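See below for the structure under consideration.
Numbering (UniProt numbering), first residue to last: 1 to 143.
Here is the structure:
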């Protein structure tokens, strides 16, 4: 079964990721980007999601949210509870979204959700500095 992903989050989280994704990968009809701004309500957000779901009722859906427990996550979770072919993940990064696009057709939405979480964890790390110490030469000019 074909899948779509709805990327959502606070502020311009979704459209910022859209800009980055399209710069790296080009546009795709698999991803839908929905911002939740300061002037939006949870009802408005739900209506936005429902329009996308209605236009894609024959597809599995993966909601990709910025943070666990925020309004976009709560609204997505509410809608995911209404259908078995919907999943929700939170705390993702652009690398995990790109990986999800490559794996999109290879697995059911439940496995894709798990793959996105693994890719997010794998892609988040601290840069380890390697400092090579070299002995300093101190020259005295006799002063």
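Backbone N, C-alpha and C define an ideal beta-carbon position, used for all residues, glycine too.
Remember, predicted model here, so these are calculated numbers, not experimental data.
Going by other Cβ atoms of all chains shown within 10 Å of its Cβ, with 16 needed for buried, is residue i buried or exposed?
| i | result |
| --- | --- |
| residue 134 | exposed |
| residue 29 | exposed |
Please state if the CB of residue j and the CB of residue i are separated by a distance shorter than 8 Å.
| i | j | result |
| --- | --- | --- |
| residue 42 | residue 75 | yes |
| residue 63 | residue 6 | yes |
| residue 105 | residue 119 | no |
| residue 49 | residue 34 | yes |
| residue 3 | residue 130 | no |
| residue 112 | residue 91 | no |
Within the same chain, show all residues whose beta-carbon is closer than 7 Å to that of residue i, passing over the 5 residues directly before and after it, in chain order.
| i | result |
| --- | --- |
| residue 70 | 10 |
Who are the near neighbours of residue i in its chain, counting only those whose CB is closer than 6 Å to its CB and skipping five residues on each side?
| i | result |
| --- | --- |
| residue 147 | For the chain, the structure presents residues 1 to 143; residue 147 sits outside this window and is missing. |
If I follow the unbroken alpha helix (DSSP H) through residue i, where does it start and stop?
| i | result |
| --- | --- |
| residue 12 | Note, residue 12: premise wrong, no alpha helix (DSSP H); not H, not E. |
| residue 125 | Looking at the DSSP string, residue 125 is not in any alpha helix (DSSP H), and its letter there is neither H nor E. |
Going by beta carbon distance, what residues of the same chain come within less than 8 Å of residue i, once the five residues before and after it are set aside?
| i | result |
| --- | --- |
| residue 97 | 5, 7, 17, 21, 31, 64, 116 |
| residue 186 | Lying before the first or after the last residue shown, residue 186 is absent from the chain, which here runs from 1 to 143. |
| residue 12 | 35, 37 |
Just curious, the beta strand (DSSP E) that residue i is in, first and last residue?
| i | result |
| --- | --- |
| residue 90 | 86-90 |
| residue 189 | With the chain covering 1 to 143 only, the question about residue 189 has no answer from this structure. |
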